[in-house]
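Visitor:
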Amino acid sequence: MDNGISFDALLPPEMARKAESIGVRKAEAPALNTFALSIMAGAFISLGAVFSTTVAGGLAGGVPFGIGRLIVGLSFSLGLILVVVGGAELFTGNSLIVMAWASKKVSTAHLLRNWLIVYFGNFLGSIVTALVVFLGKQYAMGNGAIAQAALTTANSKVHLGFVQALALGVLCNALVCMAVWLSYSARTVVDKVSATFLPVAAFVAAGFEHCIANMYFVPMALFIKELDPETANKAAAAGKLDLSSLTWADFFLKNLLPVTLGNVIGGTVFVAAIYWVVYLRPKPEVPEW
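1364 is the number that the numbering used here gives the last residue of the sequence shown; the numbers go up by one with no jumps.
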């Protein structure tokens, strides 16, 4: 008996229509709700970063490079799983609102309003989480191994060239938006988790750059460097790190700016725009003869 209920995953044309309707809902949501949910998303991504940094600290020595990166990436996947299943507003994933904008169901003003609110909400959620983790001295676990992993990760990020950081940002958000896109096919929570974790694990393992994750990674390392110099110096010595370029100015100008631009390009151009053209673009009228 057909009751109209299907447990099959949605197919791409249906996913595109779902992405469009979700984009409209996100763009038209009250600002306070959007801001609150964006703070949550910043915290969720930061919790994934805490998890992955802890795992990275425990992998020192004896683990093949690729296997270690895979394990770190899988642990970081917690962040987007919390966003997708728990419900939150993530700047990078909201690149898909462009599909509704291209269909003229969302105005440019509403699109930019959403991105601006969510970006700063994500930053607030990330920085507060980093501060709370620092105050809890979680980074001191493993005899300083976590602190060393945190400082190593952040230090490598501020040493990227502008074009390199931008390119890594493009690649990252193409995968993040694909993870969100795949979750639109899901019928169950298990479907969403299954669709989400591999694209995220891939971008982390490959060393791509995510602006919201970096809002945790780099400030956390800066808190350690500036507020606990003894631990920072020990970790730097153990890892042979030069932390002179690990500054707030270098974070904003050499990492966050190019990575954010790359994330926007990767999500809007290489995912949202392509799927809109294929599935939602108005079809030209065929003249009748």
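We treat Cβ as the ideally placed atom computed from N, Cα and C, and that holds for glycine.
So the candidates are LEU1331, ARG1100, VAL1293, ALA1177; which of them puts its Cα closest to the Cα of ALA1163?
Guide: When each option's Cα is compared against that of ALA1163, the closest is ARG1100.
Visitor: Taking ALA1129 and ILE1221 to be in contact with their CB atoms under 8 angstroms, please state how far apart those CB atoms are, rounded to whole angstroms.
Guide: It should be noted that the sequence gives Thr, not Ala, for residue 1129. About 6 angstroms; that satisfies the 8 angstroms criterion.
Visitor: Rounded to whole angstroms, how far is the Cβ of GLY1161 from the Cβ of ALA1124, which I believe are closer than 8 angstroms?
Guide: Contact doesn't hold; Cβ gap of about 16 angstroms is too wide.
Visitor: Let me confirm a value: LEU1318 is counted as buried when at least 16 other C-beta atoms fall within 10 Å, else exposed. Which label applies?
Guide: Classification of LEU1318: buried, given that the 10 Å Cβ count is 16 or more.
Visitor: Give the range of the alpha helix (DSSP H) segment to which ARG1262 is assigned.
Guide: First-last for ARG1262: undefined, no H or E at that position.
Visitor: Have a look at ALA1281 and LYS1180 and give me their C-alpha separation to the nearest angstrom.
Guide: 36 angstroms
Visitor: For LEU1355, I'd like the list of residues in its chain whose CB is within less than 8 angstroms of its CB, leaving aside the five on either flank, ordered along the chain.
Guide: By the criterion of a C-beta distance shorter than 8 angstroms, LEU1355 is surrounded in its chain by ALA1091, ARG1092, GLU1095, MET1174, ALA1177, SER1178, once the five residues flanking it on both sides are discounted.
Visitor: Excluding the five sequence neighbours on either side, which residues of its own chain have a C-beta within less than 7 angstroms of the C-beta of ALA1205, listed in chain order?
Guide: SER1121, TYR1291, PRO1294, MET1295, PHE1298
Visitor: With a threshold of 6 angstroms on Cβ separation, who are the neighbours of GLY1079 within its own chain once the five nearest residues in sequence on each side are excluded?
Guide: Bear in mind that a pLDDT of 49 at GLY1079, under 50, signals an unreliable position, so the number given afterwards is only what the model happens to contain. So the list is empty, once near-sequence residues are dropped.
Visitor: Just to confirm my understanding: we take ILE1142, look at its own chain, exclude 5 residues before and 5 after, and list those with CB closer than 7 angstroms. What are they?
Guide: Residues of the same chain with their beta carbon placed closer than 7 angstroms to that of ILE1142 are lacking, with the five preceding and five following residues left out of the count.
Visitor: Given this structure, state the Cα-to-Cα distance separating LEU1302 from PHE1140, to the nearest angstrom.
Guide: 31 angstroms
Visitor: Could you name the residues of the same chain whose beta carbon sits closer than 6 angstroms to that of ASP1077, not counting the 5 residues immediately before and after it, in chain order?
Guide: Any reading at ASP1077 needs caution, since the residue's pLDDT is 46, under 50, leaving its predicted position unreliable; the model's value is listed next. The beta carbon of ASP1077 is closer than 6 angstroms to none in its chain, skipping five residues each way along the sequence.
Visitor: When you compare the CB positions of LEU1186 and ILE1172, do they come within less than 7 angstroms of one another, or not?
Guide: Taking a C-beta distance under 7 angstroms as the contact criterion, LEU1186 and ILE1172 qualify as a contact pair.
Visitor: Mapping the DSSP letters down to three states, classify GLY1196 as helix, strand or coil.
Guide: GLY1196 falls in the helix class under three-state DSSP.
Visitor: Do you know offhand how far THR1343's Cα is from GLY1217's?
Guide: 40 angstroms
Visitor: Enumerate in chain order the residues of its own chain whose CB-to-CB distance from ALA1242 is below 7 angstroms, with the five nearest sequence positions on each side excluded.
Guide: Result list for ALA1242: GLY1337, in chain order.
Visitor: For LYS1358, which three-state DSSP category applies?
Guide: coil
Visitor: Helix or strand or just coil, what does DSSP make of SER1269?
Guide: Of the three classes helix, strand and coil, the one that applies to SER1269 here is helix, per DSSP.
Visitor: Using three-state DSSP, classify SER1320 as helix, strand or coil.
Guide: coil
Visitor: ILE1097: which of ASN1169, LEU1250, SER1231, VAL1207 sits nearest, CA to CA?
Guide: ASN1169
Visitor: Three-state secondary structure (DSSP) at ASP1077?
Guide: Note on ASP1077: pLDDT 46, under 50, position unreliable in the model; no value is reported.
Visitor: Rounding to the nearest angstrom, what Cα-Cα distance links SER1127 and TYR1214 in this structure?
Guide: 12 angstroms
Visitor: Find the nearest neighbour of HIS1285 within the set ILE1340, SER1269, ALA1106, judged by alpha-carbon distance.
Guide: Checking every option, the nearest Cα to that of HIS1285 belongs to ILE1340.
Visitor: Between VAL1238 and ASP1325, is the Cβ-Cβ spacing less than 7 angstroms?
Guide: no
Visitor: Compare the C-alpha of GLY1052 against each of ALA1224, ALA1118, ILE1114 and name the closest.
Guide: Within the shown structure, residues of the chain are numbered from 1076 to 1364, placing residue 1052 beyond reach of any answer.
Visitor: Which residues bound the alpha helix (DSSP H) around PRO1105?
Guide: Unbroken run through PRO1105: none, as it is neither H nor E.
Visitor: How would you write the range of the alpha helix (DSSP H) that ALA1177 sits in, first residue to last?
Guide: Its alpha helix (DSSP H) spans residues 1173-1177.
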